[in-house]
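Each residue of the sequence shown is one higher than the last, beginning at 116 in the working numbering.
Glycine residues also receive a C-beta, built at the ideal position from the N, C-alpha and C atoms.
Written out below as structure tokens is the structure these notes cover.
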Amino acid sequence: MNALNKVLLSASGLSVARDSLILRDVDWTVRKGEHWVILGANGSGKSTLLNVFNAFMAPTTGRLFAFGREYGEDDWNEVKSGIGYVGSEVNRMIEHGESALDVIVSGARAMINFWGDVDPKEQRSASRILRQIDCSHLREKYWRQFSQGERQKLLFGRALMAKSKALFLDEPCAGLDPVARANYLAFMETHATKSKGPALILVTHHIEEITPGFTHALLLREGSVVASGPKKEILNSANLSATFNSPVRLRLKNDWYSMSLAK
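So, in structure tokens, the structure goes:
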């Protein structure tokens, strides 16, 4: 198989139910070289899909694959080590006294809140990643001192340290002021356009956060797939109107999207 066609993540007929059906018969495939946006209104099932792949929730029916291994057939705790996560859940769990270096190194140890000694190889790798994410100046500072944008960058670096093959970015711009948001989008775009690195999967309900480097989109409404595929084919006014259950007009300028209510 061509390396660029290699399947990283896939779901087939995936449904998740708790008190009601949260996801309904979802088919989705992420291949190497693709960067995806999962777009939908609040309550559309975006976070549930992320949570299933990260083993925060279990599927009710359907099949789930990651890196050629299947949920229920293989040790998913081992499989999910290749799936990174940047979001509020991890953010809240990190202790205020963690240094930037320790946050990065914790990715290699698959732990939150690092303890123990950092060996020289880990220190070199962590230092390289801090440079890569433009956070070397934060090296000896502590979690309580960081802005929300700096924390999101460090969590991204933590996933790089873990050598994640796929990286979910769960509403990474939530809580950022306009300048910090613009800076983080530029940071995200830099990594989306690199030839090496994990497949990025942005979970959002803001169309304007889709940077040009994202290649594909999955649109969800009330747990069902509205459309899925290459971004340029999927993102249009009709599909967005169906996704948000309201007539909207999509605009594209210089490879950046914006959306407004249709008059």
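- In this structure, the beta-carbon distance from Leu216 to Arg254 falls below 8 Å.
- Here DSSP, grouped into helix, strand and coil, assigns Thr305 to helix.
- Every unbroken stretch of the alpha helix (DSSP H) spanning 4 or more residues and falling wholly within the stretch 179-244 is given here in chain order: 191-194, 203-208, 215-223.
- Going by DSSP, Thr163 is part of the alpha helix (DSSP H) stretching over 161-168.
- Gly290: not part of any alpha helix (DSSP H); DSSP gives it neither H nor E.
- Where Leu355 is concerned, the enclosing alpha helix (DSSP H) starts and stops at 352-359.
- Counted as a single uninterrupted DSSP element, the stretch harbouring Gly128 is not any alpha helix (DSSP H) but the beta strand (DSSP E) occupying residues 122-132.
- In this structure, the CA atom of Pro313 is about 15 Å from the CA atom of Asp285.
- Pairwise C-beta distances place the stretch 270-283 in contact with the stretch 220-228, as three or more of them are shorter than 8 Å.
- Around the beta carbon of His331, 16 or more other beta carbons lie within 10 angstroms, which makes this residue buried.
- Membership of Met374 in the beta strand (DSSP E) is indicated by the continuous run 371-376.
- Scanning its chain for C-beta atoms nearer than 7 Å, with the 5 sequence neighbours on each side dropped, one finds around His306 the residues Gly312, Leu315, in chain order.
- Just so you know, the alpha carbons of Leu154 and Leu335 end up roughly 6 Å apart.
- Contact between Leu355 and Leu365 is confirmed by a C-beta separation of about 5 Å, below the 8 Å threshold.
- Burial state of Lys309 is exposed, judged by a 10 Å Cβ sphere holding fewer than 16 other Cβ atoms.
- For Glu193, the number of other beta carbons within 10 angstroms of its own is below 16, and it is reported as exposed.
- In this structure, DSSP gives Gly272 a helical state, which the three-state scheme calls helix.
- In the structure shown, Ile325 adopts coil according to DSSP, grouped into three states.
- Leaving aside the five residues that flank Gly264 on each side, the residues in its chain whose CB is nearer than 7 Å to its CB run, in chain order, Leu291, Ala295, Asn298, Tyr299.
- Following the DSSP letters along the chain, one finds Lys147 in no alpha helix (DSSP H), marked with neither H nor E.
- According to the DSSP assignment, Ile349 belongs to the alpha helix (DSSP H) that extends over 346-349.
- Under the three-state reduction of DSSP output, Ala332 falls in the strand class.
- Straight across, the Cα-Cα distance linking Gly183 with Val122 is about 7 Å.
- The three-state reading of DSSP puts Ser339 in strand, counting E and B together.
- Ranked by Cα distance from Leu136, the options Thr326, Ser240, Thr176, Asp232 are led by Thr176.
- The straight-line gap separating the alpha-carbon atoms of Ala277 and Gly202 is approximately 16 Å.
- Rounded to the nearest angstrom, the Cβ distance from Ser339 to Arg139 is 5 Å, consistent with a contact under 8 Å.
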